[in-house]
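Colleague: First the structure, then my questions, so here it is.
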Ligand code: SIN
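Structure follows, in structure tokens:
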């Protein structure tokens, strides 16, 4: 794909701060296409001072935005949703060009991201408080909820659109102003969102996008500026921990959507075709580069052989290539380091006794394309099962009993998504209640949507995104104690 095919009106080359595009020649970095390695566009890199300017703008703009009625904010958000959906194909082309996922998935992400805006435009009008019986005859207790204040965010490259909208939409719905640093690998989707936000009528200073290859300088402002009330992050657990430390000195409210190590459990009584279909979508979506991708496939001994044969059959049908080709099912990994890290995990597993049933390597040395892979004879202590793979590798681990697999599944510091396949309703409840995870897919391989609470437990983070719970992370509770009412 060449830049000529991308919609020029949506293709921006610098940060969007206080309603103004910032593109100077002072410091630039290239955004490249992972499918080809070709550069798409050079983008101006924002500095710490630029980021502080965005915070200044957010602080100044927020009172007027907060003073609007919920319905007025909802109308602006709804227009943003509509414009995004009108430009779904253009946005998907930009997303595929900078991120590498196939066009069908990119179109899906644009709709997925837009759905958060639609959902929270509706939730803006449902920020309800409470009344509580007074402690004395002349008193009444009222609880109101108000937007938390200026919100800052750092978002990842694997979902360059949806990870922004599911943070920005509840923030704006709650009356907050928002400053996001988009991933330096994928800034273009974020900037296109800002362009459409402006067209939708989001006032200057309310939605600011920082693009920069100086993550540390920008991150220090977003986690350290005392005027920012809340910080939200999606990314790895290791980086999340550092950012949490940085937020501590100004006691920011935080929500963190961090790493996962999802177990995908297939019991003997499962509908095997459904389980294979679920494994395919949950494992190979975005070439395995999602926090909710199944990472360890536990298969009960009675169906292990049959499930692996069916899975290999399905994997053999996947077409790998440049995502801009509409026949492609699986694109490249984001960069060479990612391909090397997946190769290393597979090499260690093979050394430990695992066997390759299909795939197992990059297409050719030095390539970002890692083949869709199934490994058998994997044991739970191998690094391919203890670490987040973030690549298209399905390690199969045999188990015997329900108790054993619950123990294996929970034997990790993280707890984001998990999946079980069984037709036994009693087992569904027993296993779901025992799994230490924020989300469980029951006979479902894709569970993310705007109406459901997305988030994890343990070191997978804190807070929930989407759903009626998602807006709570952007609100503060204020207790009003009214006295003297009997005089
Ligand atoms: C993620 O990988 O962080 C998000 C995945 C999703 O929203 O389904």
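Numbering (my numbering), first residue to last: 144 to 630. Backbone N, C-alpha and C fix where the C-beta goes; we use that ideal spot for every residue, glycine too. In this text the structure is predicted, and so the values were computed from the model without any measurement.
Check whether the Cβ of residue 377 lies closer than 7 Å to any heavy atom of the ligand SIN, and answer yes or no.
Modeller: Under cutoff, so the answer is yes.
Colleague: Under 8 Å by Cβ, that's how I've got residue 613 and residue 425 pegged, so tell me the actual separation to the nearest angstrom.
Modeller: Going by Cβ atoms, the distance from residue 613 to residue 425 rounds to 22 Å, so no, they are not a contact pair.
Colleague: Nearest to residue 345 by alpha carbon, out of 465, 171, 224 and 539?
Modeller: Closest option to residue 345, Cα to Cα, is 224.
Colleague: Between which two residues does the alpha helix (DSSP H) holding residue 594 run?
Modeller: Element bounds for residue 594: n/a, residue is neither H nor E.
Colleague: Could you tell me whether the stretch 517-533 touches the stretch 488-504, using the rule of 3 or more Cβ pairs below 8 Å?
Modeller: Contact holds: three or more Cβ-Cβ distances are below 8 Å.
Colleague: Can you check whether the CB of residue 370 is closer than 8 Å to the CB of residue 290?
Modeller: The answer is no: Cβ separation not under 8 Å.
Colleague: If I measure Cβ to Cβ from residue 545 and keep anything under 8 Å in the same chain, skipping five residues before and after, which residues do I get?
Modeller: The answer, listed in chain order, is 410, 570, 573 and 574.
Colleague: Under the three-state reduction of DSSP, which class applies to residue 443: helix, strand or coil?
Modeller: In this structure, residue 443 counts as strand in the three-state DSSP scheme.
Colleague: Quick one, are the C-beta atoms of residue 332 and residue 238 less than 8 Å apart?
Modeller: Yes, Cβ-Cβ distance for residue 332 and residue 238 is below 8 Å.
Colleague: Just the residues with CB closer than 7 Å to a heavy atom of the ligand ZN, in chain order, which are they?
Modeller: As far as ligands go, the structure on display features the ligand SIN and does not contain the ligand ZN.
Colleague: Looking only at DSSP bridge pairs, what is residue 351 linked to?
Modeller: 322, per the DSSP bridge assignment.
Colleague: Using three-state DSSP, classify residue 145 as helix, strand or coil.
Modeller: Unreliable positioning characterises residue 145 in this predicted model, as indicated by a pLDDT of 42, which lies under 50. A coordinate reading is not provided.
Colleague: Helix, strand or coil for residue 607, going by three-state DSSP, please let me know.
Modeller: Correct three-state label for residue 607: coil.
Colleague: Identify whether residue 221 lies in helix, strand or coil by the three-state DSSP scheme.
Modeller: Helix at residue 221.
Colleague: Taking the DSSP output, what are the residues bridged to residue 346?
Modeller: BP columns for residue 346 are empty, so no partner.
Colleague: Return the Cβ separation of residue 446 and residue 413 in integer angstroms, given the expectation that the two are a contact with Cβ distance under 8 Å.
Modeller: About 7 Å; that satisfies the 8 Å criterion.
Colleague: Go through its chain and collect everything with a Cβ distance to residue 222's Cβ below 7 Å, but skip five positions before and after it.
Modeller: If we look at residue 222 and ignore the five residues flanking it on each side, its Cβ neighbours are 343 and 344.
Colleague: Specify the secondary structure class of residue 477 as computed by DSSP and reduced to three states.
Modeller: Of the three classes helix, strand and coil, the one that applies to residue 477 here is coil, per DSSP.
Colleague: Mind checking if residue 316 is an interface residue toward chain D, Cβ cutoff 8 Å exclusive?
Modeller: Among the protein chains of the structure shown there is no chain D, as only one such chain exists.
Colleague: Can you give the Cα-Cα distance for residue 622 and residue 312, rounded to whole angstroms?
Modeller: Their backbone Cα atoms lie some 25 Å apart in a straight line.
Colleague: Please tell me whether residue 601 and residue 558 are closer than 8 Å, where the distance is taken between their beta carbons.
Modeller: For residue 601 and residue 558, yes; Cβs fall inside 8 Å.
Colleague: At the level of alpha carbons, what is the spacing between residue 605 and residue 396?
Modeller: Looking at the two C-alpha atoms, the distance is approximately 11 Å.
Colleague: Could you compute how far the alpha carbon of residue 144 sits from the alpha carbon of residue 324?
Modeller: At residue 144 the pLDDT is 43, less than 50, meaning the model places this residue with poor confidence; the figure from the coordinates comes in the next sentence. Taking the straight line joining both Cα atoms gives about 26 Å.
Colleague: Between which two residues does the beta strand (DSSP E) harbouring residue 370 extend?
Modeller: Segment: none, residue 370 is in no beta strand (DSSP E) and carries neither H nor E.
Colleague: Touching or not, the stretch 195-206 and the stretch 368-388, by the rule of three or more beta carbon pairs under 8 Å?
Modeller: Because the criterion of three Cβ pairs below 8 Å is met, the stretch 195-206 and the stretch 368-388 touch.
Colleague: Measuring alpha carbon to alpha carbon, tell me which of 278, 593 and 511 ends up nearest residue 481.
Modeller: For residue 481, the nearest C-alpha among the options comes from 511.
Colleague: Can you list, in chain order, the residues of its chain whose CB lies under 6 Å from that of residue 408, leaving out five sequence neighbours each side?
Modeller: For residue 408, where only same-chain residues beyond five positions count, the Cβ hits under 6 Å are 441, 548 and 563.
Colleague: Assess contact between the stretch 303-311 and the stretch 248-266, defined as three or more Cβ pairs (one per stretch) separated by less than 8 Å. Is contact present?
Modeller: They touch, by the three-pair rule.
Colleague: Tell me the rounded alpha-carbon separation between residue 215 and residue 206.
Modeller: About 14 Å.
Colleague: In the DSSP output, which residue or residues are listed as bridge partners for residue 290?
Modeller: Paired residues: 618.
Colleague: Tell me the rounded alpha-carbon separation between residue 152 and residue 336.
Modeller: When rounded, the distance between both Cα atoms is 12 Å.
Colleague: Does the distance from the C-beta atom of residue 435 to that of residue 491 stay below 8 Å?
Modeller: Not closer than 8 Å, so no.
Colleague: Report back the beta-carbon spacing between residue 173 and residue 185 to the nearest angstrom; my notes put them in contact at under 8 Å.
Modeller: Going by Cβ atoms, the distance from residue 173 to residue 185 rounds to 5 Å, so yes, they are a contact pair.
Colleague: Between residue 247 and residue 295, what straight-line distance do the alpha-carbon atoms span, to the nearest angstrom?
Modeller: In a straight line, the C-alpha of residue 247 is about 30 Å away from that of residue 295.
Colleague: Out of 304, 157 and 437, which has the shortest C-alpha to C-alpha gap to residue 236?
Modeller: It is 304 whose Cα lies nearest to the Cα of residue 236.
Colleague: Specify the secondary structure class of residue 173 as computed by DSSP and reduced to three states.
Modeller: In this structure, residue 173 counts as strand in the three-state DSSP scheme.
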